[in-house]
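To start, the structure under review is shown below, and the notes come after it.
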Amino acid sequence: MTFVLDELELCMFCSGSLYGSSTRIPGWIRGLSLLKLFGRRGRPCYSCENLFEDKIDQILSKALSMLKDYEFSTIKAGVVVPPIVIERLDRIRSRYGLSDAESVKLTVSRHLDEILSSRTGVVVDEEDPDVTVIFDFNRADVSIQVKPVYIYGRYRKLERGISQSRWICPQCNGVGCEKCNWTGYKYPSVEKMVGDILKKAFLASEYHIHASGREDIDVRMLGPGRPFVMELVDPKKRKADLSQLEKIINEENMGKIEVIGLRYSNRQEIVLLKEARSRKVYRMRVEVNNLSETEVKMLEERLSNCVISQRTPTRVLRRRADIERRRKVFKFNIIKYDINSFEAIVECEGGLYIKELVSGDNGRTRPSISSLLGRESTCKELDVIDILGDEYG
C-alpha cells in the first residue's frame with residue numbers, strides 16, 4: 126500500500142477502498158488516516174479526480190432536504206459511481222496485487238450511512254431499510270427509494286357487481302366517460318374502496334391489492350372474509366391509526382364492503398398468502414328443470430369426496446393458460462330444493478371453478494351437475510361463505 130501512495134495521489138475514499146476489507150475499520154476512516162500519514166501533494170485523485178470530495182456535501186444537502194418529507198425509522202445509502210472510477214481502481218488493484226481491497230461504492234456508502242444516521246437520528250439497516258438514499262455521482266444527484274407499507278386484513282364483499290381489483294374502463298382507458306359514469310373504471314372494486322383511503326392516510330403515490338384468491342364480480346364474499354394485503358407504494362407516512370382507518374373504510378362503504386382486522390404486514394406475508402392452500406365453502410343457488418328427490422340424493426352422494434377434472438373455463442381462456450387441473454369436492458349438501466331449483470353448500474379445494482362445476486362448460490369440467498343430471502343446469506347465485514385452513518386467522 127505504501128508504494129501506491131508513493132506513486133499516486135488518491136482521495137480518502139479511493140485510498141481507503143484499497144487498504145483492505147479484512148479490518149472492521151470503515152474504509153473512509155482508513156483513507157483519512159493514510160492521507161494524514163502520507164500527506165497530499167496538491168494533485169487531484171488519480172481514480173475519481175476528487176469527484177467524491179467535491180460533490181458529496183452538495184448531494185448530501187439535497188438528500189437531507191428531501192428526507193424531511195418522509196417518515197422513517199431505518200435508512201441506508203446507495204451509491205452510483207462512474208464506470209471510469211471503477212476501472213482505474215481495478216487497474217491499481219491488479220498492478221499492486223491488492224487482493225483484500227473493497228469496492229469504493231462500499232467505502233463511500235458507509236461514510237454516507239454514518240452521516241445520514243447522525244443527521245436524521247435513525248439507525249442504518251443493511252437488509253430492509255424504510256428508505257434508501259441513492260447518491261448518483263454520475264449526475265451529482267440524489268433519489269429516494271421508499272419501502273412500501275403493507276397492510277393486512279380481511280374483506281367482506283356484501284354486494285354483487287364489485288370486482289376485487291381495479292378494472293379500467295375499456296371505452297375510455299381510464300380517462301372517464303359516460304359509459305363508466307366518468308369514474309374511469311368498468312366496475313367499483315374492493316381495491317379502490319380500501320386503497321383510496323389508505324393511500325390518503327399514508328400519503329402514498331399508488332397501491333396494489335394482493336389477496337388469497339379472488340371471487341367473480343357477481344359473487345359475494347361473506348363469512349369471516351378473504352385475507353388480503355394492501356401494498357402502499359412510496360408512502361411519506363409509515364404509521365397511522367389502523368383501527369380508525371378500518372372504521373372509516375367501513376362507514377364510507379357501508380352495505381358494499383367491509384374490512385376486518387387491519388394490521389401491519391410485510392412482503393413475505395404476500396408470498397405466504399399466495400401460496401396458502403385453503404378450502405373454500407360456497408353457497409350456490411342452481412336452476413334446473415324437473416328436479417326429483419332421487420336426483421338430490423344422487424348429487425350429494427356422487428359429488429361429496431369427488432375429484433373434479435377441470436380444464437381452464439372457456440370464459441377465462443383469454444387470460445389464463447389452457448390446462449387441466451384436478452380439485453376435490455369434500456362436501457356437497459343440498460339444503461333446500463323444489464322442482465326447478467336447489468340451494469347447496471359446497472366445501473372444496475381452492476382453485477375449483479364452481480360455476481363450471483354446475484354447467485360442465487361443454488364437457489371441460491367432469492363430472493358436473495349438468496352431466497350427472499343429463500340436462501342443463503345454471504348457477505344463478507354464488508356466495509363464498511368461508512375460507513378454511515389458511516393461517517391468517
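If you're matching positions, the sequence shown starts at 126 in my numbering and goes up one per residue.
From the three backbone atoms N, C-alpha and C, an ideal C-beta is built for every residue, glycine too.
These numbers come from a predicted model, not from an experiment.
Neighbour-count burial assignment, residue i, 16 or more Cβ in a 10 Å radius
| i | result |
| --- | --- |
| Asn430 | exposed |
| Ser330 | exposed |
| Ile293 | exposed |
| Ala446 | exposed |
| Tyr517 | Residue placement at Tyr517 is flagged as unreliable, the pLDDT there being 46, under the threshold of 50; a coordinate-derived value is accordingly withheld. |
| Arg451 | exposed |
| Asp463 | exposed |
| Leu133 | buried |
| Asp238 | buried |
| Thr245 | buried |
| Thr490 | buried |
| Thr419 | exposed |
Pair within 9 Å by beta-carbon distance, residue i and residue j
| i | j | result |
| --- | --- | --- |
| Phe262 | Pro207 | yes |
| Arg351 | Arg279 | yes |
| Phe455 | Glu481 | no |
| Ile512 | Arg404 | yes |
| Tyr275 | Asn391 | yes |
| Pro254 | Phe197 | yes |
| Pro313 | Ile287 | yes |
| Val271 | Lys364 | no |
| Cys504 | Met409 | yes |
| Gly203 | Glu284 | no |
| Ile267 | Met191 | Note that residue 267 is Val in the sequence shown here, rather than Ile. Yes; because the gap between Cβ atoms is below 9 Å, this pair is in contact. |
| Leu223 | Leu143 | yes |
| Ile470 | Ser484 | no |
| Leu416 | Ser466 | yes |
| Val249 | Leu241 | yes |
Continuous alpha helix (DSSP H) stretch holding residue i: start and end
| i | result |
| --- | --- |
| Arg235 | Val229 to Thr245 |
| Gly320 | Val315 to Phe327 |
| Ser493 | Premise fails: Ser493 is in no alpha helix (DSSP H) and is neither H nor E. |
| Ile217 | Pro208 to Tyr221 |
| Val483 | Ile479 to Ser484 |
| Thr419 | Glu418 to Leu428 |
| Glu178 | Leu176 to Leu192 |
| Tyr144 | Met137 to Tyr144 |
Residue span of the beta strand (DSSP E) that contains residue i, given as start and end
| i | result |
| --- | --- |
| Ala202 | Thr199 to Val205 |
| Cys111 | Residue 111 is absent from the structure shown; the chain starts at 126 and stops at 518. |
| Pro390 | What sits at residue 390 in the sequence shown is Ser, not Pro. It is not in any beta strand (DSSP E) - Ser390 carries neither H nor E in the DSSP assignment. |
| Cys431 | Cys431 to Arg436 |
Those residues which DSSP pairs with residue i across a bridge
| i | result |
| --- | --- |
| Phe457 | Val471 |
| Arg404 | Glu474 and Leu513 |
| Val411 | Phe467 and Cys504 |
| Val249 | Ile200 |
| Arg450 | Gln435 |
Complete beta strand (DSSP E) runs within the segment 251-292 (minimum length 3 residues, chain order): Listed in chain order, they are 256-261, 266-271 and 274-282.
Beta strand (DSSP E) segments (min. 3 residues) lying fully within the segment 325-389: Annotation: the segment 325-389 contains the following complete segments of the beta strand (DSSP E) (minimum length 3 residues), in chain order: 331-336, 345-358 and 382-389.
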